[in-house]
Amino acid sequence: VLLKIIDNGIGIPDKEKKHIFEKFYRVGNEDTRKTKGTGLGLYIVKRIVEAHAGKITIEDNQPTGSIFIINIPINS
2 VLLKIIDNGI GIPDKEKKHI FEKFYRVGNE DTRKTKGTGL GLYIVKRIVE AHAGKITIED
62 NQPTGSIFII NIPINS
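With this note's numbering applied, the sequence shown covers 2 to 77.
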């Protein structure tokens, strides 16, 4: 099963991408800090995907935003 979640937000800087699935991690720029959050959402999503033997990755959406790709094998 392949699922893509695409947004047109401000995007995630390349240097931050390796950290976004860490527990309590929040991208540290002024635009994102205006939005409340705990830094748990993507951590929880990754844990659920991995519990189903899947993978989650992120790509840039052009011209702005992000694409999250979730791939879960049907026969795991």
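Where a beta carbon is used, it is the ideal one built from N, C-alpha and C, also for glycine. In this text the structure is predicted, and so the values were computed from the model without any measurement.
For Glu23, three-class secondary structure by DSSP:
coil
For this session: Out of Ile75, Pro74, Thr58, Leu4, state which residue places its alpha-carbon closest to the alpha-carbon of Ile13.
Result: Thr58
request  = Within the same chain, show all residues whose beta-carbon is closer than 7 Å to that of Glu17, passing over the 5 residues directly before and after it, in chain order.
outcome  = Val28
Please look up how many angstroms separate the CB atoms of Asn72 and Lys47, rounded, as I've assumed it's under 8 Å.
Actually they do not touch by this definition, with Cβ atoms about 12 Å apart.
Can you look up Asp15 in the DSSP assignment and give me helix, strand or coil?
helix
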